[in-house]
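The structure appears right after this line, and notes come after that.
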Amino acid sequence: MVPLPIVFDPGKEGLEKVLRDYQIEALRVVWANAERGVTSREVWESVKRALEGVKTISRASIINFLNAMCDDGILRYKEETCKGGMRRKYFPALDEEGFKKYIAQTVIESLLRDFPEQTLEAIREALSRHPELADKLRSLI
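Residue numbering for the sequence shown is -16 to 124, as defined by our numbering.
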């Protein structure tokens, strides 16, 4: 899997740390329809409704985002014939929890590569402030 170029904003909450509002909505539509898959039109219409009165988003932006997520291995697609020719149906390759792990892993590995000592020290300090997570980490190692 090629790493998604991540812009991490620690001042935001949840997935907004790494995604725009329309991107979060688009992924939620795909995750909610994991079995049957969804077309870019279905995703766009759902995102458009969810963001109505807040912002408008072009269908091209949705298509570009969905295809980038496929390139990064977060989504997958299946081509099918339709009245106008061919279209893609999008399915999750990673569910929401898998995506969150992917984000955390990508950020941590990048920090370990560029700032190994500082990252380990920062993790140690963070775990000292959260002993319940330190215990959980010990049980995982």
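Where a beta carbon is used, it is the ideal one built from N, C-alpha and C, also for glycine.
Pick out the complete beta strand (DSSP E) segments inside the region 46 to 124, 3 residues or longer, and give them in chain order. 58 to 65 and 68 to 75
State the DSSP-derived secondary structure class of V30, mapped to helix, strand or coil. helix
From I86 to I7, what distance separates their C-alpha atoms? 13 Å
Between the Cα of R70 and those of E62, L77 and S111, spot the shortest distance and give me the residue it belongs to. E62
Expressed to the nearest angstrom, what Euclidean distance is found between the alpha-carbon atoms of L94 and S44? 30 Å
Run through DSSP, which three-state label would V21 get? strand
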